[in-house]
Structures are given as structure tokens and as C-alpha cells.
Amino acid sequence: MIIILDTSFLFALKSRKDKYYQRAYELFTEIQKKNTKYFTNYFILNETFTLAINRSRGNLSFLEHYISLFFGKDNFFQVIQNTPQDFVDIIEICKKYITPKSLLSFADASLIYLYQKINADYLISFDGHFDHILTRKF
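The opening residue of the sequence shown carries number 376 in the numbering used here; numbering runs sequentially from there.
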């Protein structure tokens with residue numbers, strides 16, 4: 376099984392004040408299966424760290440939780456580096472799904488691209504704008 380991880384899930388895993396904290400841990404426990412691979416990309420790393428810095432008002436000890444999640448003992452997923460061609464393909468995802476009534480960030484489009492590229496089984500995210508595009512677990 377292949378699972379893609381979004382910012383909303385990764386942030387909630389380490390932030391007890393996040394409204395999805397409890398659900399994130401329930402999902403984390405549920406997805407711990409053998410032969411399951413977990414992926415995200417550097418756009419999501421950027422979003423997660425930016426969110427952690429902003430929500431904690433620069434509290435470096437809070438940021439340490441995310442350093443451990445992405446690079447340390449708490450890491451359970453692989454962070455994928457995008458190639459120049461991936462950027463072009465992500466722009467095509469943006470063109471396909473962005474409308475005035477359905478805005479999608481470049482980071483979110485990059486997850487849709489990754490999901491399709493590696494034929495993932497589902498995305499874990501608390502953001503509903505993925506629902507009409509891919510299979511989401513929340």
C-alpha cells in the first residue's frame with residue numbers, strides 16, 4: 376500500500392492544540408501496517424514548518440517536534456524531491472483543477488501529481504478540496 380501525507384495530517388500529529396490532533400493519532404495508529412510506504416514532498420515540508428513557526432510564534436522547542444518528524448527518530452515517511460519536469464507537470468495539474476470557485480495551492484497540486492505518479496492508494500489529509508480528485512482518508 377502507498378499513502379501520501381499532507382500538511383494538515385503531519386502538522387496535527389505533533390500539535391496537541393490542533394483540532395485534528397486526536398484524529399491524526401487515530402489515523403497514524405490505523406495505518407501502521409507492514410508493506411506500507413508513506414510519501415510526501417518538500418512543498419509539504421515547507422508548509423508544515425511554516426505553519427509550525429507561525430502557530431508557535433517562533434517557539435524553537437515546538438519546531439523540534441517537526442524536525443524529529445521529518446529528519447529524526449519520529450520519521451516514518453520518505454520526502455520526495457521534485458524534478459524540473461515535475462514542476463511542469465504540477466503546473467498542468469493546476470490548469471486542470473483550479474477554477475475561480477475551486478482554488479488549489481501549488482503544494483496541494485504537487486500532492487495530486489505525486490499521488491498519480493506513484494499510483495498511491497490514498498492521501499491522508501483533513502482538507503476536503505481533494506475529495507473530487509483523489510481518494511482521501513480523514
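We treat Cβ as the ideally placed atom computed from N, Cα and C, and that holds for glycine.
Owing to the predicted nature of the structure, the values given are computational and were not obtained by experimental measurement.
- Message: Tell me which residues share the same chain as residue 431 and place their Cβ nearer than 8 Å to its Cβ, disregarding the 5 neighbours each side in the sequence.
- Response: Around residue 431: 437, 438.
- Report, in whole angstroms, the separation of the C-beta atoms of residue 377 and residue 494, which I expect to be a contact under 8 Å. Confirmed, Cβ separation roughly 7 Å.
- At least three beta-carbon pairs within less than 8 Å, the stretch 477 to 494 to the stretch 453 to 468: Result yes; three or more Cβ-Cβ pairs closer than 8 Å.
- Hey, quick one: how far does the beta strand (DSSP E) through residue 412 stretch, first residue to last? Annotation: the continuous beta strand (DSSP E) that includes residue 412 extends over 412 to 416.
- Message: Per DSSP, what are the beta-bridge partners of residue 453 in this structure?
- Response: 414, per the DSSP bridge assignment.
- Item | Sequence ranges, alpha helix (DSSP H) only - wholly within the stretch 417 to 481, length at least 4 | Within the stretch 417 to 481, the complete alpha helix (DSSP H) runs of at least 4 residues are 417 to 430, 435 to 446, 459 to 472.
- Query: Hey, how far is the Cα of residue 403 from the Cα of residue 425?
  - Reply: Taking the straight line from one Cα to the other gives about 22 Å.
- Identify which residue in 508, 446, 498 has its Cα closest to the Cα of residue 472. Of the candidates 508, 446, 498, 508 places its Cα closest to the Cα of residue 472.
- Query: Between residue 418 and residue 482, what straight-line distance do the alpha-carbon atoms span, to the nearest angstrom?
  - Reply: Taken atom to atom, the span from the alpha-carbon of residue 418 to that of residue 482 is near 5 Å.
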